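Some notes on the structure that comes next.
In the UniProt record's numbering, the protein residues as written are 1 to 175.
Right under this line is the structure:
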């Protein structure tokens with residue numbers, strides 16, 4: 001019994017956050033000239049450089065950008081929000097309909113979609129692919145935290161990485 005207690009005590013000690021890494025009670029303010037996810041306007045402005053990118057609010061009151069890049073529709077969802085305010089993170093996301101290789105009139109099986117998602121994730125650096133809930137659905141997403149702010153150049157780099165992932169995903173799912 002003492003060995004079990006020692007293991008449990010060690011697990012409890014390991015489950016905490018190391019000193020100095022606790023989440024601050026008040027977020028660190030974003031420096032002047034930096035962009036964070038608390039205001040969708042500058043994010044939408046950068047997105048417009050790549051294609052139409054109007055923003056709205058979603059059903060939960062959080063900002064959401066419905067955009068298009070190279071003719072491919074995608075969305076930017078805002079996370080870490082408190083009733084639509086103080087958002088900290090972004091999720092770039094798009095979906096594709098994968099068809100059965102033997103019968104293009106049928107959606108790809110779950111097994112085929114998982115295999116394709118695994119293949120993508122092993123071969124590429126940007127964007128994570130998963131099998132969606134809908135028949136034939138593959139989802140490409142890329143998450144970015146803007147907590148504390150980033151430069152416009154850094155955010156523009158995120159958009160360029162998304163452009164690469166998005167166009168590769170279109171080619172990947174068109175096969």
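For every residue, glycine included, the Cβ atom is placed at its ideal position computed from N, Cα and C.
All values reported here derive from a predicted model rather than from experimental measurement.
For residue 171, is the classification buried or exposed, using 16 other Cβ atoms within 10 angstroms of its Cβ as the cut-off for buried? Residue 171 comes out exposed.
The beta strand (DSSP E) that contains residue 32, what's its start and end? Looking at the DSSP string, residue 32 is not in any beta strand (DSSP E), and its letter there is neither H nor E.
Ordered along the chain, which non-local residues of its own chain (more than five positions away) have a Cβ less than 6 Å from that of residue 146? So the list reads 36, 37, once near-sequence residues are dropped.
Counting pairs of beta carbons, one from the stretch 49-65 and one from the stretch 108-122, are three or more of them closer than 8 Å? The stretch 49-65 vs the stretch 108-122: no contact.
For residue 163, the residue or residues it bridges with in DSSP: When beta bridges are read from the DSSP output, residue 163 appears opposite no residue.
Pull up the DSSP beta-bridge partners for residue 85, would you. BP columns for residue 85 point to 82.
Short of 6 Å in beta carbon distance, which residues of its chain neighbour residue 93, apart from the five on each side in sequence? Order them along the chain. Cβ neighbours of residue 93 beyond the five flanking positions: 75, 141.
Does the distance from the C-beta atom of residue 47 to that of residue 90 stay below 8 Å? With respect to residue 90, residue 47 sits apart: the two C-beta atoms are not nearer than 8 Å.
Limits of the beta strand (DSSP E) - the one that residue 44 falls within: That residue, residue 44, is in no beta strand (DSSP E); its alpha helix (DSSP H) goes 40-48.
Using DSSP with H/G/I as helix, E/B as strand and the rest coil, what is residue 173? Reduced to three states, the DSSP call for residue 173 is helix.
Run the CB neighbour count on residue 113, radius 10 Å, all protein chains shown included, and call it buried at 16 or more, exposed below. Buried: at least 16 other Cβ atoms inside 10 Å.
Of the listed residues 104, 137, 105, 125, nearest to residue 115 (C-alpha basis): The shortest CA-to-CA distance from residue 115 to any of 104, 137, 105, 125 is the one to 137.
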